[in-house]
Structure formats: C-alpha cells, structure tokens
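Numbering (the working numbering), first residue to last: 3 to 218. All C-beta atoms, glycine included, are put in the ideal place defined by N, C-alpha and C.
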C-alpha cells in the first residue's frame, strides 16, 4: 500500500538521520582522542629530556592512565549520545505517526496494508486482528471489505486488545500459535534497536579501543 511505503520511507529517513548525527559525534570523539594523545606525547618528551629514563617510564605510565581515563569518559559520553539520539529520532517518529492516525483514509489504508502483510507471513488458517478500542469503531463499517482485500479466502475476526497504544494492528492465527505485531509500540521497539545499532556502528567504527571497553 502507498501509505505503508510512506511509513517505511519515513523509518529509512530516520535511520539515515541517525547515521549522519552519529558520524558527527564520532568525528568529535576522534579529534578529542588525538588531542589527548598529542598532549601526552608532548609531556613525555619534556619529561624525557629533563629526567632521563626513569622519568620517561613514569611519564609513559601517566600517559597510559590519562588516555585510559579519557577513553572511559569518552565511551560513557558516546553511549549517552547514542541513546539520546535514538530517543530524539523516535520522538519525531511518534509525532509523525500521531498525525497519520488522525487521517482516516491514510490510517485505514496503512492498517489494511499491515493486515495484508501479516496474512501473507502467517500460516494458513483463520485470523484474529486486534486493534486499540479507539480504532474499532473506525474499522467496523468497512471491515468486511478490508479483510477480504487484505486476506482473500480467510476469515478475519476483529477484536480489541485493551492495551495502551498509539495505534496499529496485531494479527494472529485464531488458535494463537503465531502472530505478527504491527502496533506502533512493537514497530517502535524494532526501529529503536535498528537506530541504536546504526548509531553504535558509526560512533565507534574508528575507535576500536572504546568498542572493546564497552564490550568488556
């Protein structure tokens, strides 16, 4: 459906925005690390000239401690930025989805597209579609035709799930053996994982030491 494509394009655009912002933060982090290492090297040279081998060894230990401390601080800050970036993007997605839900034509087309997609992925058999209570009155008048277009040859009962939700639809087999969750909250959770992964890759791509610190 055209609306489903628009939503997918919106999600792709949000991920690209995350990548761009993540690259900027990574560049800032790289510049800070280079500066710290240069300052440490300068101090090491001064110490070597003045104090000799013993002073050099002590300076090297000092530089290592300072660099390690700076890397830990940088790792913590980048991690904070990653989550802040993810939350900012998802907040924008939530506002855009709320606007879409207000438009009956676009929203019902979107739900029909998600129902059709779920029907294709789920095994054969009768289906149950669950929506939030606010959406049931909007869907009921056209439900028979919508279900016939989205899942031809299959019985699709419409129910409410009773959960707090911005909207969307959850489709399952009548015996509950399998389901496809296309509620806003489920899609948001999946997109959050994708954005966080993209941000992590770009923030830490050129800082392997920081990556090992975070994994450890």
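Expected contact under 8 Å - CB spacing of residue i and residue j to nearest Å
i           : j           : result
residue 131 : residue 171 : 6 Å
residue 88  : residue 197 : 5 Å
residue 39  : residue 69  : 6 Å
residue 175 : residue 153 : About 12 Å separates the two Cβ atoms, so there is no contact after all.
residue 193 : residue 95  : 7 Å
residue 169 : residue 103 : 5 Å
residue 110 : residue 144 : 7 Å
residue 92  : residue 27  : The Cβ separation is near 17 Å, so there is no contact.
residue 227 : residue 108 : Residue 227 lies beyond the stretch modelled for the chain, which goes from 3 to 218, so this question has no answer here.
Beta-carbon contacts of residue i that lie in its chain and below 6 Å, excluding the five residues immediately before and after
i           : result
residue 134 : 167
residue 149 : 158
residue 180 : 124
residue 43  : none
residue 165 : none
residue 217 : Only weak support is given to the placement of residue 217: the predicted model assigns it a pLDDT of 35, under 50, and the question is left unresolved by the model.
Own chain, CB closer than 7 Å to residue i, minus 5 neighbours either side, in chain order
i           : result
residue 126 : none
residue 162 : 132, 133, 134, 135 and 138
residue 151 : 114
Spatial neighbours of residue i in its chain, beta-carbon cut-off 8 Å, leaving aside the 5 residues before and after
i           : result
residue 85  : 198
residue 210 : Interpretation of residue 210 is limited by its pLDDT of 48, a score under 50 that renders its predicted location unreliable; the figure taken from the coordinates is listed afterwards. Closer than 8 Å at the Cβ level, and outside the excluded window around residue 210, lies no residue.
residue 141 : 110, 113, 133, 148 and 160
residue 177 : 127
residue 190 : 92, 95 and 96
residue 18  : none
residue 186 : 96, 99, 167, 168, 169 and 170
Cβ of residue i within 8 Å of any chain C Cβ
i           : result
residue 103 : No chain C appears in the structure shown, which is made up of a single protein chain.
Length at least 3, wholly inside the segment 92 to 178: the beta strand (DSSP E) runs in chain order
129 to 133, 158 to 162 and 170 to 175
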